[in-house]
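Here is the structure we will look at.
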Amino acid sequence: MNAAPDTDIRAALDDASRVAGLTFSPEAVLAEGHRVVRRRRLAATGLVAAATAVVAVVAVQLVTGQPRALPAGDPSSSSTLGQASGELTGSTFDVGVPKNGPGVRVDVSPVGAGRVVERWTLSDGDTVRRTVSRTVPATAPGRASFLMPRESGQQGVVYAYALTGPEGTASGVVMTQVVTAPDLATGQGSGGVLTDPASGRALGSLTRVETGSADPEQVIGLIWNRTRPTTTATPAIDWLADGAALRAGRTGGVDAAVVTVSARTSVLLWRDGDRFGFGRRSGPLALKDAGSLQVGVEPHSPAAAGTENDLAVGWVTAGPVALTSTDPSDAFTVSYGDPVGGRTPFVARSAQPEVKGTVTVTGGGETQTVTSWDSQSS
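Position in the sequence shown counted from 1, then plus 83, gives you the numbering used here.
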């Protein structure tokens, strides 16, 4: 796993293209993804996008016309996820291939009362540099266990694992990316599969990341997506899920939360005063908005079959978030996370893959308008 998404995706597609019956071109898939991102940038003005060009911030505009009111969710609702307590093992070194460069193996064993023993074996090739054993709470979905530099003795390097779903890498490819905030990490890394040693089922992912210029203490969690190549008459890539997990035991730093949208989608959000952002398949970003309602968007991408519908993502100071549209075919479901730092995180999911009309978002006594999830081609 490299921190640069193109590098990760190209490596995965190169591997997938060697599967019997698949004839797609990895370069063609990447080119299509880039084209879709360019085509679907948000048309918005008035607020400053501080990081990536993949997602843009929403403009505050005067509402006109008579858009249809859409139902909002209950901000008091949130998902409660159980802990995983079975044995797990994984390595960033490939099985059957000579070890090369730095990597890690982790073994997790339950000890009762919702706690596990983690054994992290840090190596450079075949040379073991350090072994760290610790007893910690079992890692729950929505949380990621990190080994930080103060424990590993390796400055600028973080290790982590998270449960990415029972389908896991046994049926596809998991791309994992560390999220740091308010600065964004640009370092390199590697990844591996976390499995149940008894059944061999892949349940999660293991990651080693050099955080580059970012302070490791700014690491707030992980995001990932799961995909698999199809073996149909027209080979393609199927999207399985997008997920997120906060760093377990993190103290201080930015406010952060994970909002569960569905069994296949969860989103990591963070905010630091008037700066805010979220990470999903597009990677981390940073936006700027001092208002009581902070909103960004994540557009649907048709580059892979089944990818998530258009999303509006953000924070609100009080009350429910409501969305209205000038197109009567548009509808949204709003999911909320637990309040953090006086604000409630939310994700509004379109009922159809792509929003058709101009959407007005209200909440916290403020109104913002999304002019488009699909702007001019370039």
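Just so you know, even glycine gets a beta-carbon here, dropped at the ideal spot from N, CA and C. Predicted, not measured: the structure shown is a model, and the values here were computed from it.
Determine whether the beta carbon atoms of V442 and T416 lie at a separation below 9 Å. no
- Query: Which partner residues does G272 have in the DSSP bridge list?
  - Reply: Bridge partners of G272: V292.
Next item on the list: Within the same chain, show all residues whose beta-carbon is closer than 7 Å to that of F429, passing over the 5 residues directly before and after it, in chain order.
Entry: V342, G397, V399, V404, V417, S418, Y419
Practice problem: Under 7 Å Cβ to Cβ from E391, same chain only, skipping five residues before and after it: list those, please. | Solution: D325, T348, H383
TODO: Tell me whether the beta-carbon of S192 lies closer than 9 Å to the beta-carbon of A331.
DONE: no
> Nearest-angstrom Cα distance between G274 and V240?
Replying inline: 13 Å
Review point. If you drop the 5 nearest sequence neighbours on each side, which residues of the same chain put their C-beta closer than 8 Å to that of R198?
Key: T218, V219, P220, A221
Are T172 and P280 closer than 9 Å when you measure CB to CB? Contact flag set, yes.
For the alpha helix (DSSP H) holding P232, just list the boundary residues, first then last. 232 to 235
Selected residue, minimal CA-CA separation from T294, among V261, R311, I306: V261
Quiz item: From G447 to G425, what distance separates their C-alpha atoms?
Solution: Going by the C-alpha atoms only, they are around 12 Å apart.
- Message: With distance defined between alpha-carbon atoms, name the residue in F361, A387, E201 nearest to G379.
- Response: Of F361, A387, E201, the residue nearest in Cα terms is F361.
ask   = Relative to the C-alpha of T204, which residue among G186, V337, G389, V194 is closest?
value = G186
In or out: T445 buried (at least 16 other Cβ within 10 Å) or exposed?
buried
**Report entry** Where E300 falls: helix, strand or coil (DSSP)
**Finding:** It is helical.
Notebook entry, point to check: According to the neighbour-count rule (16 or more other Cβ atoms, all chains shown, within 10 Å of its Cβ), is S206 buried or exposed?
Noted result: Buried: at least 16 other Cβ atoms inside 10 Å.
So, under 8 Å CB-CB, A369 and R358 are touching, yes? Tell me the CB distance rounded to an integer number of Å. The pair is a contact, with the Cβ atoms about 6 Å apart (cut-off 8 Å).
From the DSSP output, in three-state form, read off E437 for me.
-> coil
Nearest by alpha-carbon distance to V230: which of R333, T450, V256 is it?
The sequence shown places Leu at residue 230, not Val. For the residues R333, T450, V256, the minimum Cα distance to L230 belongs to R333.
Cβ-based neighbour list, S168, same chain, cut-off 6 Å, excluding 5 preceding and 5 following
For S168, the predicted structure reports a pLDDT of 46, less than 50, and the residue's modelled location is therefore unreliable. A value from the coordinates is still provided. Correct list, in chain order: P193, A221.
Q.
Distance check for P422 and A223, CA to CA, integer angstroms please.
A. Approximately 19 Å, taken between the alpha carbons.
Whole-number beta carbon distance between L277 and R244, since they are thought to touch under 8 Å: The residue you asked about is not Arg; residue 244 is Tyr in the sequence shown. Y244 to L277, Cβ: 5 Å. Contact.
Backbone secondary structure at G360 - three-state DSSP: DSSP places G360 in the strand class (E or B) of the three-state scheme.
Pick helix, strand or coil for L305, following the three-state DSSP scheme. strand
- Message: Between A401, T454, A395, which has its C-alpha nearest A434's C-alpha?
- Response: A395
Pick out whichever of P265, V256, A264 has its Cα sitting closest to the Cα of T313. V256
Could you give the C-beta distance for A346 and I303, rounded to a whole number, given that I count them as a contact under 8 Å?
Contact flag wrong, Cβ pair sits at about 23 Å.
**Prompt:** On the premise that E449 lies in contact with D393, defined as a C-beta separation below 8 Å, what is that separation, rounded to the nearest angstrom?
**Reply:** D393 to E449, Cβ: 21 Å. No contact.
How many angstroms separate the CA atom of Q215 from the CA atom of D190? Checking the sequence shown, residue 215 turns out to be Val, not Gln. If you take the alpha carbons of V215 and D190, they lie about 11 Å apart.
task = Could you tell me which of R311, T290, P318 sits nearest to L305, measuring between CA atoms?
result = T290
Secondary structure at A281, three-state DSSP: helix, strand or coil? coil
Counting contacts by CB-CB distance shorter than 9 Å, is L205 in contact with chain D?
In the structure shown, chain D cannot be found, because there is only a single protein chain.
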